[in-house]
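The structure appears right after this line, and notes come after that.
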Amino acid sequence: MSPESTLYKGKTGQWAFVLHRVTGFLVLMFILLHIIDVSMLNFPRIYNEIHALYGNVLMRLFEVGLLFGLVYHALNGLRVIMIDFFPGSIKNEKSVFYGIFSLTVLLTIIGGFIILRPFFTGSVH
Amino acid sequence: MSTAERSTTRPGATPNRRSRQNFETWSWFFMRISGLILFFLALIHFSLTHIFNDVTTTTVSFVAKRWANPFWRVFDWLLLSLGLLHGTNGLRFIMDDYVRNPRKRAALKAFMYALAAALFVLGTITIVTFKGSLAG
Ligand code: HEM
Chain R
199 MSPESTLYKG KTGQWAFVLH RVTGFLVLMF ILLHIIDVSM LNFPRIYNEI
249 HALYGNVLMR LFEVGLLFGL VYHALNGLRV IMIDFFPGSI KNEKSVFYGI
299 FSLTVLLTII GGFIILRPFF TGSVH
Chain C
257 MSTAERSTTR PGATPNRRSR QNFETWSWFF MRISGLILFF LALIHFSLTH
307 IFNDVTTTTV SFVAKRWANP FWRVFDWLLL SLGLLHGTNG LRFIMDDYVR
357 NPRKRAALKA FMYALAAALF VLGTITIVTF KGSLAG
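Going down the list, the sequences are from chains R and C.
Add 198 to the 1-based position in the first sequence for the working numbering, that's all there is to it.
Add 256 to the 1-based position in the second sequence for the working numbering, that's all there is to it.
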């Protein structure tokens, strides 16, 4: 088979696929880093110091991005599982994809509001 | 979506060999089952550490309180293991698709597997050995 045939992943599903791949990759990179920062738990001072960084704006924005990636990957993953395990269960793939994408954006906005709020109100240092 | 066909279209796969084929079928199934479990583990974990609690409050003492209950140690260990297995296996698909040079691909895979294995050991040690008495 030609390389092209393996890289081509379909028309409508193509964007869903690309985004699934990118978000899966980014979440994995985050997990790899996260295991290292959590391993500092046995050195409480270092852990708390590193951890305080999570509260600054840049890291909070990063966390909102992580939320987007995780929610999209999770919801789209469920869609893939439905299609594979129950063929025909999803009638209109295109609108299901748009639904998933909209839900991801909505949840990211709500979650993002909660994550970023302390920065604006200053209620949590 | 053509994901269902991955096991036969992946360039690294040799469809004629039985063991290879069995492995890819198993891998396909594993991605779906682990995905279903991760759906709950990952989203609950994120909600607890970023939504229902602010990140800045998830200090050593926060973890000490949570891990006082073995349930959460098991929960976090499952998230660690399944996340790494699912993620690294997903990364294997990605490397098969984009790293076309066989030697580079083999080297990169060996590196990523070793990294994931090392982090699995590190994460497991952290969850098992954390005492939390020094909490501050
Ligand atoms: C939250 C629930 C999750 C669900 C429902 C889910 C589901 C899936 C599914 C169904 C696949 C497709 C496998 C295939 O095409 O054969 C997949 C791929 C993948 N997942 Fe997840 N997953 C989840 C969480 C995660 C997490 C936490 C990570 C990172 C550690 C991750 C990383 C990946 C990667 C890198 C791929 C490969 C993408 C590709 O081949 O294009 N996933 N996931």
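The beta carbon of each residue, even a glycine, is placed where N, CA and C say it ideally should be.
In summary, Val225 of chain R is buried, with 16 or more beta-carbon neighbours lying within 10 Å of its beta-carbon over all protein chains present.
Pro285 of chain R carries a coil assignment under DSSP once its states are collapsed to helix, strand and coil. Relative to the non-hydrogen atoms of ligand 1, the Cβ of Leu334 of chain C never comes closer than 7 Å to any of them. If you draw a straight line from the Cα of Phe318 of chain R to the Cα of Ile383 of chain C, it comes to about 34 Å. Just measuring C-alpha positions, the residue of R:Tyr245, R:Phe284, R:Ile233, R:Ile281 sitting nearest Gly379 of chain C is R:Ile233. Along the region 206–275 of chain R, the alpha helix (DSSP H) occurs as fully enclosed runs of 4 or more residues at 210–236, 242–250, listed in sequence order.
Secondary structure of Thr315 of chain C (DSSP, three-state): coil. Here the region 278–297 of chain R does not lie against the region 227–246 of chain R, with fewer than 3 beta-carbon pairs under 8 Å apart. Contact check for Leu276 of chain R against Leu301 of chain R fails: the beta carbons are separated by 8 Å or more. Below the 7 Å Cβ cutoff, chain C contributes Val316, Val319, Thr382, Phe386 as neighbours of Leu239 of chain R, in chain order.
Of all residues in the region 348–366 of chain C, those with a C-beta nearer than 9 Å to a C-beta of chain R are Phe349, Ile350, Asp352, Asp353, Tyr354, Arg356, reading in chain order. Ranked by Cα distance from Ala372 of chain C, the first of C:Thr385, C:Gly339, C:Ala298 is C:Gly339.
When only Cα atoms are considered, Phe295 of chain R and Thr221 of chain R end up about 15 Å apart. Closer than 9 Å at the C-beta level to chain C, one finds these residues of the region 245–256 of chain R: Tyr245, Asn246, His249, Ala250, Tyr252, Gly253.
Positions of the beta strand (DSSP E) runs, each at least 3 residues long and wholly inside the region 298–359 of chain C, cannot be given because no such run exists.
Within chain C, no C-beta atom comes nearer than 7 Å to that of Ile298 of chain R; the closest sits roughly 12 Å away. Separation of the CB atoms of Leu364 of chain C and Val355 of chain C is rounded to 6 Å, and the pair is thereby assigned contact status at 8 Å. Boundaries of the alpha helix (DSSP H) around Phe299 of chain R: 291–319.
Shown here for Val311 of chain C: same chain residues with a beta carbon closer than 7 Å to its own, the five before and five after excluded, namely Thr305 in chain order.
The beta carbon of Gly310 of chain R is closer than 6 Å to those of Val262 in its chain, skipping five residues each way along the sequence. Taking 8 Å as the cut-off, the Cβ atoms of Leu265 of chain R and Phe302 of chain C count as close. C:Met351 is the residue among C:Gln277, C:Tyr369, C:Met351 whose C-alpha sits nearest the C-alpha of Arg361 of chain C.
Inclusion of Val316 of chain C and Tyr252 of chain R in the CB contact set at 8 Å is not warranted, their separation being larger than that value. Rounded to whole angstroms, the gap between the alpha carbons of Ile279 of chain R and Arg243 of chain R is 43 Å.
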